[in-house]
Amino acid sequence: MIRRLRNLPLRSRLALLVAAAVAFAVAAVSVTCWFIVQGKLYDQLDNELRKATVLKDPQQVSQLRDALANCTQDSRGGGFRNTYSQVVTADGTTCLFTDSVGEIAVTAADRKVINSAGAQPNLLRNGTDEDGNALRVLTVQLTLSNPITEASSHAALIAAVPLKGTQSTLNDLALVLLLVSGIGVLGAGAAGLTVARAGLRPVDKLTEAVEHVARTEDLTVRIPVEDASDDEVARLSRSFNSMTASLASSRDLQQQLIADAGHELRTPLTSLRTNIELLTRSEETGRPIPEADRKALLASVKAQMTELAALIGDLQELSRPDTDQHASRTQIIAWHDIVASALRRARLRGPELTITADVQPWYVRAEPSALERAVVNILDNAVKFSPEAGTVEVRLTDGVLTVRDHGPGISEAELPHVFDRFWRSESARSLPGSGLGLSIVARTVQQAGGEVSLAPAPEGTGTAATVRLPGAPVPPPAQE
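Just so you know, the sequence shown maps onto residues -27 to -1, 1 to 453 in mature numbering (1 follows the signal peptide of the UniProt record, and there is no 0).
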C-alpha cells in the first residue's frame, strides 16, 4: 500500500493525505457528537424516570403499600404516568401496576439492589420488556426503614420508558453524521487536489524548466520569482536560477579557456611547423641550410617546444578541480624556505639583475609544490619586466610577501585584468609566456586562504606584487 502511494503523483498524494486528515477529524467530531447527544438524551430519560417515581401522590403510596402487602402475579394497582411500572419483592415476585405498559425483565442487577440493604438505593440501566423491546430502566430500593413498607420484606420499585424513540433519533443522527462526513471527505479530497494543483504549479514550471535544460542544454532559462516571496517554492526557484547562472558562467569560462588556449597554442605550433617544414624541405631537396641558420632554426624549435610544454603544464594546473584532494596535499611548510628556493631559480634566469631579499621566517598551511610554483611565477614576472641591470626587491615579513620590480609598470586600466587567464598587457605581447602565470598564482593563494594583489610601485616606476598568507613565525608544536 505504501509503495503504491509512493508511485502516485505528488498532487494525488497531497489530495489523499488531506482527505485522510479531514476524514479522521470528521470521524472524531462525529463520534464525539453522537456520544454527547446520546448522553443528553439518556439524561433526559433518566430525569423523567426520577420525576415519575417520586411518591408524592397519597394514592400512589397506598397502591404501593397494598401491592407489597398482597403481591401475587395477578396483583393490580395504579401506575406511574403511562410507564412500565412494577414492584419486585425479595423472593422474585413481580407485581405489575394496572397502568403499566408491560412487564420489565428483572435482572440480577435489580435483585442486587433489592438485597443491598441501602448500600445501592437505585440503579439506572438499559433493559427489555417481555417482548424484547428496549427500555431505559430505573430500579429504586424499598427498605423496611421506609414508612411505606412498614411490615413488608425488602422490595424494589422498577419503572421504565421505551428507548425506541431515542434509538431512532440516535440512528437518524448517525446517518446524518455519516452522510455529512462522506460529503466532507469528498469535498476535502477535491479541495486538496485543487490546492495541490495551485500550490505545485511553480514546481511544474520548475520541472518544465529542468526538462528544457536537460533537453536543449539552454542555461539561459530563468524562473520568474516575486521579490517579496520567501516561501519554499520561491527559495527553490531562486536556487535553480542561481544554479543555472553558475553553470552558464562555468560553461562560458570553459569555452573561453578553450578558445584562448587554442589561440595561444596556434602561434607556437605555426612557428614550429614552419621551422620543421624548412628543415624537411632542405633534406628533401638536398640544399643544405647554412650552419648558422640551421642552429637558429633548431634553437627556435627547442624554444617553441619549451613554450608549448609550459603552456600545457599551466593548463593542467588550472584545470585541476578544487576537491578534497587539495586538502589532503596541504601541510605546514616553511614559506621562507620556498621563497629562498624560488630566489635561487630567479637569479639563474636573470644573472644580470640585482635581486635583494629580506626574508623572515613564516610558516603556512599550503600545498608545497603549488605554492613554490606561485612564488616562482611572481619572481619570473619581475625578472621579465625588469630593465637590464635593474633591481628586484623581495621582502617577506609577518606573512606578507612583497616583490617589487623597476620595470615599465602596469596602467590603472589594466590592473583589473592582470589575474585573468591568457591576459597579457600591450607591453608583454612580444615577450614569451602564456598569460596563465598570475592566474595560477591567484588560484594557489586563494586555496591557501590568502590574498594576492598587483599595484604600481609606491615610489618611482615598476610594479609591486603582494601576497598575504595566514600563518605564524614559528611552526606548531607538532611540526618541531
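We put the beta carbon where it would ideally sit given N, CA and C, even for glycine.
If you draw a 10 Å sphere on the C-beta of Ile249, you find fewer than 16 other C-beta atoms in it, and that means exposed. It is roughly 37 Å from the alpha-carbon of Gly380 to the alpha-carbon of Leu251. Here Val2 carries a helix assignment [DSSP, helix/strand/coil]. Per DSSP, the continuous beta strand (DSSP E) segment holding Asn95 begins and ends at Asn95 to Thr101.
Counting the other CB atoms within 10 Å of its CB gives Pro446 a total below 16, which places it among the exposed residues.
If you look at Pro135, you'll find it isn't in any alpha helix (DSSP H); it sits in the beta strand (DSSP E) that goes Ala128 to Pro135. Ranked by how close their Cα comes to the Cα of Val356, the residues Asp378, Leu344 and Lys268 have Asp378 in first place. Thr56 is not a Cβ neighbour of Ala82, given a cutoff of 8 Å.
Assigned with DSSP and collapsed to three states, Ala386 falls in coil, not helix or strand. Within the same chain, Cβ atoms closer than 6 Å to the Cβ of Thr439 are found at Thr375 and Ser426, the five residues on either side in sequence being excluded.
Among the bridge pairs identified by DSSP, Arg109 is matched with Asn99 and Val134.
According to DSSP, residue pairing for Ile351 in a beta bridge does not occur. Secondary structure of Ser58 (DSSP, three-state): strand. A direct Cα-to-Cα measurement between Phe392 and Val365 gives close to 21 Å.
With 16 or more other Cβ atoms from the protein chains shown falling within 10 Å of its own Cβ, Gln59 counts as buried. In the same chain as Leu220, and ignoring 5 residues on each side of it, the C-beta atoms closer than 7 Å to its own belong to Leu192, in chain order.
In this structure Arg98 is exposed. Its beta-carbon is surrounded by fewer than 16 other beta-carbon atoms within 10 angstroms. When rounded, the separation of the alpha-carbon atoms in Asn95 and Phe(-4) is 40 Å. Taking Leu326 as reference, the option from Gln333, Arg317 and Arg416 with the minimal CA-CA separation is Arg317.
In the three-state reduction of the DSSP assignment, Ser426 falls in the strand class. At a Cβ-Cβ threshold of 8 Å, Gly372 and Pro448 do not count as neighbours. In the three-state reduction of the DSSP assignment, Arg195 falls in the coil class. Here Ile306 is bridged, per DSSP, to Val337. Secondary structure note for Ala437: its beta strand (DSSP E) is the uninterrupted segment Thr436 to Arg441.
DSSP places Ile328 inside the beta strand (DSSP E), whose first and last residues are Thr327 to Val332.
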